[in-house]
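Report on the structure given below.
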Amino acid sequence: MPRRVAIGIRGIGHRVIDSTWRLGYASRFFLLILLKSGTSLRRFSLVIRELYFTGVLSLIIISVSGLFVGMVLGLQGYETLQRFGAESAVGTMVALSLVRELGPVVAALLFASRAGSAITAEIGLMKATEQLAAMEMMAVDPIARVVAPRFWAGVISMPFLAAMFSVVGVFGGYLVAVVLIGVDDGSFWSQMQNAVDFRYDIVNGIIKTCVFGVAVTAVAVFEGYDASPTAEGVSGATTRTVVTSSLVILGLDFALTSFMFRGMS
Amino acid sequence: MQRATMDLWVGLFVLAGIGALLFLALKVGNMGTYSSAEGYTLVGNFENIGGLKVRAPVKSAGVVVGRVTDIQLNTKTYDAAVTMNIDTRYQFPKDTFASILTSGLLGEQYIGLAAGGDDTLLKNGDKIMKTNSALVLEELIGRFLFDKASENKEEKNGKD
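Chains as they are written, first to last, in numbering that gives the first Met the number 0: chain A, 0 to 264; chain B, 0 to 159.
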């Protein structure tokens with residue numbers, strides 16, 4: 000019996016030590032990316048190539064989902080607000096919820112599953128086929144050549160994607176509320192402009208997207224670099240990227256929101 | 000893919016992103032209509048501010064001329080000191096009347112400025128002397144009920 004207890008306790012200790020080690024390894028990896036990103040920023044064409052894959056190719060899913068999220072917000076907002084006779088505030092509701100929360104969060108979730116998983120799979124496969132090792136043999140640092148450009152491309156494209164998500168969403172809300180239902184055009188825009196503050200709402204939203212961009216791409220490149228070099232390992236790493244970065248996004252969103260919008264109107 | 004086409008697409012992507020940010024700032028946000036950077040501050044002391052909040056609009060004749068930047072309790076007089084930032088385009092005379100109003104029955108509360116006739120204008124940091132508190136619905140109903148009750152009592156007393 001005591002033997003079994005000892006095994007159980009040992010299991011807990013093993014797990015704690017393992018995850019602490021992994022956390023430290025991830026932080027060191029993150030620092031290494033920052034230290035070695037000088038080369039990739041000097042050879043900016045590497046980042047542009049990755050911007051094409053992470054940013055431009057994510058545009059379609061981002062704008063289509065933004066449109067639908069905005070249209071649903073318009074419908075639901077109208078449905079609720081018209082009970083109070085405040086249907087002209089539907090623009091305010093759509094814009095505030097998109098700019099503050101849904102734009103950053105949903106765009107980051109989509110970005111994690113569209114671009115983050117691709118980054119992980121690519122780097123993981125490079126590792127599995129020993130391309131990273133081959134680079135090291137040729138005295139090319141794989142972190143500087145492969146990881147850092149992908150990281151910076153993700154960090155740069157995330158705020159743009161979220162801004163486009165919000166804009167397309169506001170347009171979707173406009174389509175439903177004004178064009179379809181017939182809310183007054185002028186009060187839709189003017190109430191929105193009265194309620195949305197540039198520094199307070201929009202800048203805070205942009206700060207959120209920047210934080211999410213760093214978090215998602217850091218998780219994605221780390222999981223790819225850390226993947227065990229087998230087919231199974233790469234698939235597991237891709238799954239972990241999507242799961243971990245989604246949870247990180249939602250957790251960070253709560254933390255940031257509670258700092259940014261605490262106790263204010 | 001050709002290097003040039005990739006560059007083109009990325010350039011378009013970045014331009015569209017900047018365009019989206021500009022759209023958010025100018026069309027969705029209030030940066031086009033009013034910026035809080037250029038303005039002067041006025042202070043008003045109110046007996047009761049009701050549900051007034053920081054960032055509530057300051058309106059004159061229905062036009063937004065500024066925003067409430069700070070609300071504090073003055074511990075000497077126990078009234079609320081409301082600081083507001085007014086656009087420099089709009090100047091108000093010294094005897095301007097500030098009152099806390101409500102847009103609609105359940106709408107948000109804002110400060111309404113009614114200009115007076117004085118020749119001297121309010122300057123940065125000046126205090127608005129004439130203020131009117133917020134209408135608190137509970138107090139109003141309470142006063143109404145009290146009045147009704149005392150009326151009934153008087154009627155009864157008259158009958159006796």
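Where a beta carbon is used, it is the ideal one built from N, C-alpha and C, also for glycine.
Own chain, CB closer than 8 Å to A/S264, minus 5 neighbours either side, in chain order: Because A/S264 carries a pLDDT of 45, less than 50, the predicted location of this residue cannot be relied on, and no value is offered for it.
For B/S98, three-class secondary structure by DSSP: Look at B/S98 here: in three-state DSSP terms it is strand.
Burial state of A/I212 (16 or more Cβ within 10 Å): In the sequence as displayed, the identity of residue 212 of chain A is Gly instead of Ile. By the C-beta density criterion, A/G212 is buried, having at least 16 other C-beta atoms within 10 angstroms.
Bridge partners - B/P56, DSSP secondary structure assignment: Answer is B/R66.
Partners in chain A for B/V164, counting only beta-carbon separations shorter than 8 Å: Nothing about residue 164 of chain B can be read from this structure; chain B reaches only from 0 to 159.
For B/P92: DSSP bridge partner residues: B/P92 pairs with B/L120.
Bridge-paired residues (DSSP) for B/G111: Beta-bridge pairing by DSSP links B/G111 to B/K58 and B/S98.
Of the residues B/L21, B/V27, B/I17 and B/L139, the one placed nearest A/S189, counting alpha carbons only: Out of B/L21, B/V27, B/I17 and B/L139, the CA that lies nearest to the CA of A/S189 is found in B/V27.
Short CB-CB distance (under 9 Å) between B/M5 and chain A: Residue-level contact by beta carbon holds for B/M5 and chain A, with a gap shorter than 9 Å.
Unbroken beta strand (DSSP E) run spanning B/D125, endpoints: Counting along the chain, the beta strand (DSSP E) containing B/D125 begins and ends at D125 to I127.
Neighbour-count burial assignment, A/M157, 16 or more Cβ in a 10 Å radius: Answer is buried; the Cβ neighbour count reaches 16.
Local Cβ density within 10 Å of A/P1, reported as buried at 16 or more and exposed below that: Exposed, since its Cβ has fewer than 16 Cβ neighbours within 10 Å.
Span separating the alpha-carbon of A/A194 from that of A/T19: C-alpha separation (whole angstroms): 45 Å.
Inter-residue Cα distance where the pair is A/D252 and A/E231: A/D252 and A/E231 have their C-alpha atoms some 31 Å from each other.
A/A236 and A/A120 closer than 9 Å at C-beta: The Cβ-Cβ distance between A/A236 and A/A120 falls below 9 Å.
Short CB-CB distance (under 9 Å) between A/E203 and chain B: Checking the sequence, you will find Asn at residue 203 of chain A rather than Glu. Between A/N203 and chain B, the shortest Cβ-Cβ separation is not below 9 Å.
Contact check, A/M191 vs A/G65, beta carbons under 9 Å: No, Cβ-Cβ distance for A/M191 and A/G65 is not below 9 Å.
Cutoff 9 Å: B/A19 Cβ touching any chain A Cβ: Cβ-Cβ to chain A under 9 Å: yes for B/A19.
Backbone CA spacing between A/A217 and A/L31 [nearest angstrom]: The alpha-carbon atoms of A/A217 and A/L31 are separated by roughly 11 Å.
Selected residue, minimal CA-CA separation from A/F260, among A/V98, A/G172 and A/E222: Nearest C-alpha to A/F260: A/V98.
Same chain, Cβ closer than 6 Å to A/V63, neighbours up to 5 away in sequence not counted: Result list for A/V63: empty, nothing under 6 Å.
Nearest residue (CA-CA) to A/T128, options A/Y224, A/A5 and A/H13: The residue with the shortest Cα to Cα distance from A/T128 is A/Y224.
Coarse secondary structure for B/T130, derived from DSSP in three states: Reduced to three states, the DSSP call for B/T130 is strand.
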